[in-house]
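Peer 1: Those protein sequence lines, which keep their order, are chains V and P. If you're matching positions, the first sequence starts at 9 in the working numbering and goes up one per residue. If you're matching positions, the second sequence starts at 2 in the working numbering and goes up one per residue.
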Amino acid sequence: MTADRMVGMFGGGSGEFTPPVQSPTALEAIGLAKRYRGMWALRDCSLSVPAGRVVALVGPNGAGKSTFLHLVAGLIAPTRGSVRVFGEPVGQRAAALARVAFLAQDKPLYDGFTVAEMLRFGHHLNPGWDDALARQRLAELDIPLNRKVGKLSGGQQAQVALSVAVAKRPDLLVMDEPLANLDPVARHDVMRSLMAAVAETQMTVVLSSHVVSDLTNACDWLVVLNRGQVQISGEVDELLATHRMLSGPAELADGVAARMPVISDSRSERQADLLARTGPGTPLHDPRWSSSGVNLEELVLAYLRRPDTTSLPRPTLTIS
Amino acid sequence: MLWLTWRQHRMQVLLTTALLAVLGAVLLISGLGAADFAAQNAPATDCVTDTPACSAYLVAMNERIRPVGELLGWLPLLAPAMIGAFWGAPLLAREFEHGTHQLTWTQSVTRRRWLATKIVGLGATVTLGGLVLAGIVNPWLAAFDVPPYNIDHLDLRWFRLVGIVPAAWWLSAFVLGMATGALFRRTLPAMAVTLAVCALAFFGLLRAPSFYATPERAVQATVADELAPEGSLGVNDYWIDRSGVKFTSQERALALAGSCGTDETTKKYAKCAFGHGYRQVAEFHPASRFWRFQWTEAGILLIPALVLGGVAVRRTLRPRI
Numbered sequence: 009m010t011a012d013r014m015v016g017m018f019g020g021g022s023g024e025f026t027p028p029v030q031s032p033t034a035l036e037a038i039g040l041a042k043r044y045r046g047m048w049a050l051r052d053c054s055l056s057v058p059a060g061r062v063v064a065l066v067g068p069n070g071a072g073k074s075t076f077l078h079l080v081a082g083l084i085a086p087t088r089g090s091v092r093v094f095g096e097p098v099g100q101r102a103a104a105l106a107r108v109a110f111l112a113q114d115k116p117l118y119d120g121f122t123v124a125e126m127l128r129f130g131h132h133l134n135p136g137w138d139d140a141l142a143r144q145r146l147a148e149l150d151i152p153l154n155r156k157v158g159k160l161s162g163g164q165q166a167q168v169a170l171s172v173a174v175a176k177r178p179d180l181l182v183m184d185e186p187l188a189n190l191d192p193v194a195r196h197d198v199m200r201s202l203m204a205a206v207a208e209t210q211m212t213v214v215l216s217s218h219v220v221s222d223l224t225n226a227c228d229w230l231v232v233l234n235r236g237q238v239q240i241s242g243e244v245d246e247l248l249a250t251h252r253m254l255s256g257p258a259e260l261a262d263g264v265a266a267r268m269p270v271i272s273d274s275r276s277e278r279q280a281d282l283l284a285r286t287g288p289g290t291p292l293h294d295p296r297w298s299s300s301g302v303n304l305e306e307l308v309l310a311y312l313r314r315p316d317t318t319s320l321p322r323p324t325l326t327i328s
Numbered sequence: 002m003l004w005l006t007w008r009q010h011r012m013q014v015l016l017t018t019a020l021l022a023v024l025g026a027v028l029l030i031s032g033l034g035a036a037d038f039a040a041q042n043a044p045a046t047d048c049v050t051d052t053p054a055c056s057a058y059l060v061a062m063n064e065r066i067r068p069v070g071e072l073l074g075w076l077p078l079l080a081p082a083m084i085g086a087f088w089g090a091p092l093l094a095r096e097f098e099h100g101t102h103q104l105t106w107t108q109s110v111t112r113r114r115w116l117a118t119k120i121v122g123l124g125a126t127v128t129l130g131g132l133v134l135a136g137i138v139n140p141w142l143a144a145f146d147v148p149p150y151n152i153d154h155l156d157l158r159w160f161r162l163v164g165i166v167p168a169a170w171w172l173s174a175f176v177l178g179m180a181t182g183a184l185f186r187r188t189l190p191a192m193a194v195t196l197a198v199c200a201l202a203f204f205g206l207l208r209a210p211s212f213y214a215t216p217e218r219a220v221q222a223t224v225a226d227e228l229a230p231e232g233s234l235g236v237n238d239y240w241i242d243r244s245g246v247k248f249t250s251q252e253r254a255l256a257l258a259g260s261c262g263t264d265e266t267t268k269k270y271a272k273c274a275f276g277h278g279y280r281q282v283a284e285f286h287p288a289s290r291f292w293r294f295q296w297t298e299a300g301i302l303l304i305p306a307l308v309l310g311g312v313a314v315r316r317t318l319r320p321r322i
């Protein structure tokens, strides 16, 4: 317990500039599976995310994102496998609950409560509650404390829900589709206010979306869930650096494809465009081929179209 | 946690308190009036013979108790139904319906503690409410209980308004509502089912206290014998002849029509019937069984309610959505 706390403290301050090897693991899932009425919502899901990251969890509808996040928040128990947050198993124990804040998909709040009463709710139910932080955030957003929550706009409700989650001072903030049902301005505001909170508190954040473009600027770690399985889990910069769009003559495409994993392969009569994972050992010398970078959206889309391909972290030496 | 429970359920608490206060005021006025009237008009206590003063007093007291009594007669049905529908059913159903369980269950308070605080806090308040109801009905009845007018607590008009039975009904209805809310996860269906079950239980148990024990049986020994002692709950009344064969009043009247005449109200007729070997039999529960019956009814209500409540709590605590 004490050791875990210390690891958490070191990890909390590390931020995104610390090399992953030194960061403790914020979130770890091992063989996680969940079955509902005979249907597997999530099967054999294993991943590990270092502390201090802002994790984008993307995947099509029904990929198991919500199930995964509910498991992390301890709202449901896995059918198989386990989830650990900062080394401790999650679940309905007070100590585990205090470390994770969860923002559910519809950002539920008590509609009849005033904003001030929502803060009082947070204060009564959380020993680590940071009332000053909550009040400061709401004051910056010009949200009146005496207004009933049900009378606020959707964007303001999202901000109140986010403030309640952040003022809990969690080590891990889990958000299920936080931007769904928000207009573009509110999306932008919520995202900006989230990033400000992350900078201030150095918590690890996991947020899901089925719209990749919502998350591209904010997140530094990408997890792609597809059909209940983890397809990608890795640092965004590294993923972008190791995936290239290769364009060249169609007749040579097979030769290139044989040398490296190809995620997407579109060929016309003359030209082939291959999105490939290019390890450091596989340079492309042929001048007839051109190589260009990919963006996150293209990358995710390519993987989602090929559910059988995966990009998971290479086994690395870690000192533990 | 207590603050949250109060904040979420204060409407129910305040409304129930207000209704109890109004009822208390009505009963206070009615009771004071009755006590005043009885002090001035109650005839000498031995009203064995039907003097005009006696019957006038009894009629007047009856007139006084009737309107309020009729109002109170609805309470054993309405109060538990309302408690179940408005205190119990929304407790979990509303959280599930609005998704707020996902908010509350991810704060730093365990689901177990949250649920325990709510159920114990509200359950205790509801029980207290039922006891308060009995506590204000009891002195009101006492104001009327001035001989020769007589109030029996075992009388089914009053049985569910005094003692612990109101509290048992209220608490069971609350637990029932909570459980249906946990199982249906939607407020309106949970309320509807709670109301229906409360009504079924009320009408099902309407005459049940007669069966809570084997009734005592008394056989007429003299012509002027009063069979069931004062304050007892009558179950059955019939006649037997010398050989022990049962007769209803009508059958006896038919059998005696030749020898004793037809005017059954006269003492002469009673003597004649007695002389022919007809004996009146009364089956009744003596007033001393009041508390035993109170606890019996409380058990009949609370045991199934608590079992159902236990199932609901287990289901809610199991981390599965």
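Glycine residues also receive a C-beta, built at the ideal position from the N, C-alpha and C atoms. Model, not experiment: these values are computed from the prediction.
1. By alpha-carbon positions, which one of P:Ala35, P:Gly235 and P:Gly178 ends up nearest to P:Leu92?
2. Using the Cα positions of V:Val91 and P:Ala19, report the straight-line distance between them to the nearest angstrom.
3. Would P:Gln108 count as contacting chain V if we go by Cβ distances under 8 Å?
4. Within the continuous alpha helix (DSSP H) that includes V:Thr212, where are the two ends?
5. Using a cut-off of 9 Å between C-beta atoms, extract the partners of P:Gln13 located in chain V.
6. By DSSP's criteria, V:Tyr44 is part of a beta bridge. Which residues make up the other side?
7. Are the stretch 149 to 163 of chain V and the stretch 78 to 89 of chain P touching, with three or more C-beta to C-beta distances below 8 Å?
8. For chain V, find out if any of its Cβ atoms is closer than 8 Å to the Cβ of P:Thr101; answer yes or no.
9. Span of the alpha helix (DSSP H) holding V:Arg285?
10. Do you know offhand how far P:Leu24's Cα is from P:Asp264's?
11. When the Cα atoms are used, what is the spatial distance from P:Glu64 to P:Leu104?
12. Which residues in the same chain as P:Thr118 place their Cβ atom closer than 7 Å to its Cβ, once the five residues preceding and following it in sequence are excluded?
13. What do you reckon, is the C-beta of V:Val66 under 7 Å from a heavy atom of the ligand ATP?
14. On the CB-based measure, 16 or more other CB atoms within 10 Å of its CB, does P:Phe294 come out buried or exposed?
15. Taking 8 Å as the cut-off, does the stretch 302 to 310 of chain P touch the stretch 157 to 174 of chain P (at least 3 CB pairs, one atom from each stretch)?
16. Would you mind sorting P:Asn151 into buried or exposed? The rule is 16 or more other CB atoms within 10 Å of its CB.
17. For the stretch 221 to 268 of chain V, list the alpha helix (DSSP H) runs that are entirely contained and at least 4 residues long, ordered along the chain.
18. Taking just the CA atoms, how far does V:Gly120 sit from V:Ser74?
19. Any contact of the stretch 249 to 265 of chain V with the stretch 218 to 228 of chain V, i.e. 3+ C-beta pairs under 8 Å?
20. Rounded to the nearest angstrom, how far is the Cβ of V:Val198 from that of V:Ala166, given a contact under 8 Å?
21. At 8 Å on the CB atoms, spell out the chain P contacts of V:Val219, in chain order.
22. Checking contacts by CB at 8 Å: is P:Met2 closer than that to chain V?
23. For P:Trp292, does the count of other Cβ atoms within 10 angstroms reach 16, so buried, or fall short, so exposed?
24. Exposed or buried, which one is P:Phe204 when buried takes at least 16 other CB atoms within 10 Å?
25. State yes or no: is the C-beta of V:Gly60 within less than 8 Å of the C-beta of V:Gln210?
26. Which word fits V:Met47, buried or exposed, when buried means at least 16 other C-beta atoms lie within 10 angstroms of its C-beta?
27. Judging by CA-CA distance, which residue of V:Arg51, V:Val80, V:Val270 and V:Gly70 is the nearest neighbour of V:Ala34?
28. What residues match up with V:Ser274 in a beta bridge as DSSP calls it?
29. Please check if any C-beta of chain P sits within less than 8 Å of the C-beta of V:Pro116.
30. Within 10 angstroms of the Cβ of V:Tyr311, are there 16 or more other Cβ atoms? Answer buried if so, exposed if not.
31. Hey, V:Val66 and V:Phe110 are a contact pair by Cβ (cut 8 Å); roughly how many whole angstroms apart?
32. The alpha helix (DSSP H) that contains V:Gly301, what's its start and end?
33. Can you say whether P:Phe248 is buried or exposed, counting buried as having 16 or more other CB atoms within 10 angstroms of its CB?
34. What number of angstroms, rounded off, separates the C-alpha of V:Val193 from the C-alpha of V:Leu187?
35. Mind pulling the chain P residues with CB within less than 9 Å of V:Phe94?
36. Against chain V, does P:Leu5 count as a neighbour if the rule is that its beta carbon must be under 8 Å from one of theirs?
Peer 2: In short, the structure shows the following:
1. In the second sequence, the residue the question calls residue 92 of chain P occupies position 91. The option with the nearest alpha carbon to P:Leu92 is P:Gly178.
2. For the purposes of this step, residue 91 of chain V is taken as residue 83 along the first sequence, with counting starting at 1. For the purposes of this step, residue 19 of chain P is taken as residue 18 along the second sequence, with counting starting at 1. Roughly 50 Å between the two C-alpha positions.
3. Walking along the second sequence from the start, residue 108 of chain P turns up at place 107. The beta carbon of P:Gln108 sits closer than 8 Å to some beta carbon of chain V.
4. To locate residue 212 of chain V, count along the first sequence from 1; it is residue 204. The continuous stretches of alpha helix (DSSP H) do not include V:Thr212, which lies in the beta strand (DSSP E) extending over residues Thr212 to Ser217.
5. Within the second sequence, residue 13 of chain P is the residue found at index 12, counting from 1. Here the premise fails: no neighbours, minimum Cβ distance about 13 Å.
6. Here residue 44 of chain V is taken as the residue at index 36 of the first sequence, counted from 1. According to DSSP, which records beta bridges pairwise, V:Tyr44 is partnered with V:Met47.
7. These segments do not touch.
8. Counting from one through the second sequence, the residue named residue 101 of chain P turns up at place 100. Output row for P:Thr101: interface = yes.
9. As a first step, residue 285 of chain V is located in the first sequence; it is residue number 277 there, counting from the start. No alpha helix (DSSP H) holds V:Arg285; the beta strand (DSSP E) holding it covers Gln279 to Arg285.
10. In the second sequence, the residue the question calls residue 24 of chain P occupies position 23. In the second sequence, the residue the question calls residue 264 of chain P occupies position 263. Whole-angstrom Cα-Cα distance: 46 Å.
11. Residue numbering aside, residue 64 of chain P sits at position 63 when the second sequence is read from its first letter. Residue numbering aside, residue 104 of chain P sits at position 103 when the second sequence is read from its first letter. Using only the alpha carbons, I get a separation of about 56 Å.
12. To locate residue 118 of chain P, count along the second sequence from 1; it is residue 117. Within the same chain, P:Thr118 has close Cβ partners Met2, Leu3 and Thr6.
13. For the structure depicted, the ligand ATP is absent and the ligand set is empty, with no information on it obtainable.
14. Reading the second sequence from its first residue, position 293 is the one you call residue 294 of chain P. Buried, because 16 or more other Cβ atoms sit within 10 Å of the Cβ of P:Phe294.
15. Here the stretch 157 to 174 of chain P makes contact with the stretch 302 to 310 of chain P; the two share three or more CB pairs at distances below 8 Å.
16. By one-based count along the second sequence, residue 151 of chain P stands at place 150. Classification for P:Asn151: exposed.
17. Segments of the alpha helix (DSSP H) lying fully in the stretch 221 to 268 of chain V: 244 to 250 and 261 to 267.
18. As a first step, residue 74 of chain V must be located in the first sequence, where it is residue number 66. As a first step, residue 120 of chain V must be located in the first sequence, where it is residue number 112. Rounded to the nearest angstrom, the gap between the Cα atoms of V:Ser74 and V:Gly120 is 27 Å.
19. No, because fewer than three Cβ pairs between the stretch 249 to 265 of chain V and the stretch 218 to 228 of chain V fall closer than 8 Å, the two stretches do not touch.
20. One-based indexing of the first sequence puts residue 198 of chain V at position 190. One-based indexing of the first sequence puts residue 166 of chain V at position 158. For V:Val198 against V:Ala166, the beta-carbon gap comes to about 5 Å, under 8 Å, which counts as contact.
21. Stepping through the first sequence from its first residue, residue 219 of chain V is reached at position 211. Those do not exist, as V:Val219 stays about 21 Å from chain P at its closest Cβ, beyond 8 Å.
22. Within the second sequence, residue 2 of chain P is the residue found at index 1, counting from 1. Between P:Met2 and chain V, the shortest Cβ-Cβ separation is below 8 Å.
23. Your numbering for residue 292 of chain P matches position 291 in the second sequence. Under this definition P:Trp292 is an exposed residue.
24. Along the second sequence, one-based indexing puts residue 204 of chain P at 203. It counts as exposed.
25. In the first sequence, residue 60 of chain V corresponds to position 52, counting from 1. In the first sequence, residue 210 of chain V corresponds to position 202, counting from 1. At a Cβ-Cβ threshold of 8 Å, V:Gly60 and V:Gln210 count as neighbours.
26. Here residue 47 of chain V refers to the residue found at position 39 when the first sequence is read from its first residue. Burial call: exposed.
27. Residue numbering aside, residue 34 of chain V sits at position 26 when the first sequence is read from its first letter. Of the candidates V:Arg51, V:Val80, V:Val270 and V:Gly70, the residue whose Cα lies closest to the Cα of V:Ala34 is V:Val80.
28. Locating residue 274 of chain V in the first sequence gives position 266, counting from the first residue. Listed as beta-bridge partners of V:Ser274 by DSSP are V:Asp281.
29. The count along the first sequence starts at 1 and reaches residue 116 of chain V at position 108. With a threshold of 8 Å between beta carbons, V:Pro116 makes contact with chain P.
30. To locate residue 311 of chain V, count along the first sequence from 1; it is residue 303. Looking at its Cβ environment, which holds 16 or more other Cβ atoms inside 10 Å, V:Tyr311 is buried.
31. As a working note, residue 66 of chain V is residue 58 in the first sequence. As a working note, residue 110 of chain V is residue 102 in the first sequence. For a cut-off of 8 Å, the C-beta gap from V:Val66 to V:Phe110 is around 18 Å, too long to register as a contact.
32. The residue given as residue 301 of chain V occupies position 293 in the first sequence. That residue, V:Gly301, is in no alpha helix (DSSP H); its beta strand (DSSP E) goes Ser298 to Gly301.
33. Position 247 of the second sequence, counted from the first residue, corresponds to residue 248 of chain P. Looking at its Cβ environment, which holds 16 or more other Cβ atoms inside 10 Å, P:Phe248 is buried.
34. By 1-based counting over the first sequence, the position of residue 193 of chain V is 185. By 1-based counting over the first sequence, the position of residue 187 of chain V is 179. Each residue's alpha carbon lies about 11 Å from the other.
35. As a position in the first sequence, residue 94 of chain V is number 86, starting the count at 1. Correct list: empty, because the minimum Cβ distance to chain P is about 15 Å.
36. On the second sequence, residue 5 of chain P is found 4 positions in, with the first residue counted as 1. Taking Cβ atoms only, chain V reaches closer than 8 Å to P:Leu5, which makes this a yes.
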